[in-house]
Amino acid sequence: MRMSIPLALMAAVALAGCTSSTSPTPAAQAAGPMLAASTTGGSAKGDFGPPQGAPIQAVLTSPPHVPPPTNRDYPAKVIVDLEVIEKDMPISEGVSYTFWTFGGTVPGSFIRVRQGDTVEFHLKNAPDSKMPHNIDLHGVTGPGGGAASSFTAPGHESQFTFKALNQGLYVYHCATAPVGMHIANGMYGLILVEPPEGLPPVDHEFYVMQGDFYTTGKYREKGLQPFDMEKAIDEHPTYVLFNGSEGALTGDNALIAQTNQTVRMFVGNGGPNLVSSFHVIGEIFDKVQPEGGTHWQENVQTTLIPAGGAVTVEFHTEVPGSYVLVDHSIFRAFNKGALAILKVEGEEDKSIYSGKEVDAVYLGDRSEPNLKAVTAAAKANAAGTLTKDEQIAAGKQLFTGTCSVCHQANGEGMAGVFPPLAKSDYLAADPKHAIEVVLHGLSGPVKVNGTEYNSVMPPMSQLTDDEVANILTYVLNSWDNPGGRITKEEVATVRASGPEHPNQAEH
Ligand SMILES: [Cu+2]
């Protein structure tokens, strides 16, 4: 009686899928997968009979790691032990979130079995959990994908068994009401059902999963951020992330490969809402299995991953450097966090690519080992002990990638296009006016150090009050500027009062 409406719906869909399949003749079964692959054979083509040998404990791995190949040529009984853990973890530097996880990570533990395996699934829900949870594995043939059999209260364990009939890469997720909220809190992961012959060997396998997150605070607003149901219903995510936190796969946590290697990525999309236009800047996928299906597509630039779907991509590395994984719905990458890095190390090959790295401008602060000074300043701010030096240190890191793309890292600007912030007489004349400039932008003619500029600076209102205060304090104390300090209260006042004088250029 606990079955919620969405769950019942899913069960109905799963059942409908089943009845349309036809059973193969015993002869077709005996002939094995080669023959079965040429006929459709339905799901039952993956039934290679009862499990053989001693039961095997599945190796589960945390992202970005992938368990080793099963290396088996017979169907086995595989035992999966997965524990649901609710816990606070960083979602961005200085920002934490109460995630609900399968195995303590977002995405959840990677599960790897072979087609035809009988999987005995044990779902535990940690005693200190506040919520009941269950699991729907898209690789299961049966009502709710296991959800109906795995509803588990805190401190309890459920068990169910399924045969992995279809090979492929499948999403699993929690399907306890409200389903969207459980998924938005990080309750998803991948299960790979290997084809009977296994996958061709590669040098690296990685596990990456996109998800969209909804917090009551703005993007990068510090502190513990609660889930925002309204934003989730409106499909307006605060964060779009790979592997559950900004920085999960950047800086010191970047994925690593060498030149002349083959890389395979199992990439899932937990959603709950967005579909992903998955792209690796500077690489072409030699092979893609769209939607986690059986057939390979070749030479793909960007592949679409549905919410609740997955792809396998493979490519070969030729040129050393940083390759950036993005959702090519590109504001998500640069303004919501959907960005990860694969560092390829090795010898240059100038015949394939000439060099000249543009990392600093393209990636901004994300190419650096994260925002330590920003976190320190946020903590000090919360404790009421924030010093000017802490503001300057944090501001310097934020300036990179936010302001430096135009005004340059040394504040010199660019002749005729971007005015200098270094020794700027415009800035010196009224330092507080800079708050206005950052929050509301600036357009129309301005004179800086005797030179006229007539261009447009877009408003940077996505920055929090803290961030604006720190950036401007850094600017005022750099490059022979007059010094001084901007507080977040001053920024808040300007923000609340709206634009001082509307953009002249617009009328
Ligand atoms: Cu759940």
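Residues in the sequence shown are numbered consecutively from 932, following the numbering used here. Ideal Cβ positions, reconstructed from N, Cα and C, are used throughout, including at glycine.
Item                                                                                                                                                                                : Value
Mapping the DSSP letters down to three states, classify residue 1021 as helix, strand or coil.                                                                                      : strand
Exposed or buried, which one is residue 1430 when buried takes at least 16 other CB atoms within 10 Å?                                                                              : exposed
Start and end of the alpha helix (DSSP H) containing residue 1388?                                                                                                                  : Residue 1388 -> not in any alpha helix (DSSP H); beta strand (DSSP E) instead, spanning 1382 to 1388.
Taking DSSP's pairing of strands, which residues face residue 1240 in a bridge?                                                                                                     : 1200
Could you check the C-alpha separation between residue 1215 and residue 1240 for me, to the nearest Å?                                                                              : 21 Å
Residues near ligand 1, CB to any non-hydrogen atom under 7 Å, in chain order?                                                                                                      : 1015, 1031, 1062, 1064, 1065, 1105, 1107, 1113 and 1118
State buried or exposed for residue 1380, treating a residue as buried only when at least 16 other CB atoms are found within 10 Å of its CB.                                        : exposed
Would the stretch 1143 to 1162 and the stretch 1061 to 1070 be scored as touching if the rule is three or more Cβ pairs under 8 Å?                                                  : no
Run through the DSSP bridge pairs and tell me what residue 1064 is partnered with.                                                                                                  : 1083
Quick check on the burial criterion: 16 or more other C-beta atoms within 10 angstroms. Buried or exposed for residue 1262?                                                         : exposed
Is it buried or exposed for residue 1245, if we count other Cβ within 10 angstroms and need 16 for buried?                                                                          : buried
Determine the DSSP secondary structure at residue 1254, reduced to helix, strand or coil.                                                                                           : strand
Specify whether the stretch 1138 to 1145 and the stretch 1154 to 1170 touch according to this definition: at least 3 beta carbon pairs, one from each stretch, less than 8 Å apart. : yes
Where does the unbroken beta strand (DSSP E) through residue 1142 begin, and where does it stop?                                                                                    : 1135 to 1144
Mind checking whether residue 1272 and residue 1255 have CB atoms under 9 Å apart?                                                                                                  : yes
State the beta-bridge partners of residue 1122 as determined by DSSP.                                                                                                               : 1042 and 1101
May I ask you to report which of helix, strand or coil DSSP gives residue 1210?                                                                                                     : strand
Suppose you measure from the CA of residue 1368 to the CA of residue 1026; what does that come to, to the nearest Å?                                                                : 27 Å
For my contact list, residue 1395 and residue 1024 are in at a C-beta cut-off of 8 Å; report their separation, rounded to the angstrom.                                             : Contact doesn't hold; Cβ gap of about 12 Å is too wide.
For the beta strand (DSSP E) that contains residue 1028, what are its first and last residues?                                                                                      : 1026 to 1033
Can you give the Cα-Cα distance for residue 987 and residue 1172, rounded to whole angstroms?                                                                                       : 34 Å
To the nearest angstrom, report how far apart residue 983 and residue 1101 are at their CA atoms.                                                                                   : 24 Å
Opposite residue 1345 in the DSSP bridges: which residues?                                                                                                                          : 1349
Taking all protein chains shown into account, do 16 or more other C-beta atoms lie within 10 angstroms of the C-beta of residue 978, making it buried, or fewer, making it exposed? : buried
In angstroms with no decimal places, state the Cα-to-Cα distance between residue 1276 and residue 1134.                                                                             : 14 Å
Of the residues 1427, 989, 1423 and 1356, which one's Cα is nearest the Cα of residue 1411?                                                                                         : 1356
Count the other CB atoms, across all protein chains shown, that sit within 10 Å of the CB of residue 1019; report buried if there are 16 or more and exposed otherwise.             : exposed
Between the C-alpha atoms of residue 1364 and residue 1417, what's the straight-line distance to the nearest angstrom?                                                              : 11 Å
Could you check where the beta strand (DSSP E) with residue 1188 kicks off and where it finishes?                                                                                   : 1186 to 1189
Would DSSP call residue 1338 helix, strand or coil?                                                                                                                                 : helix
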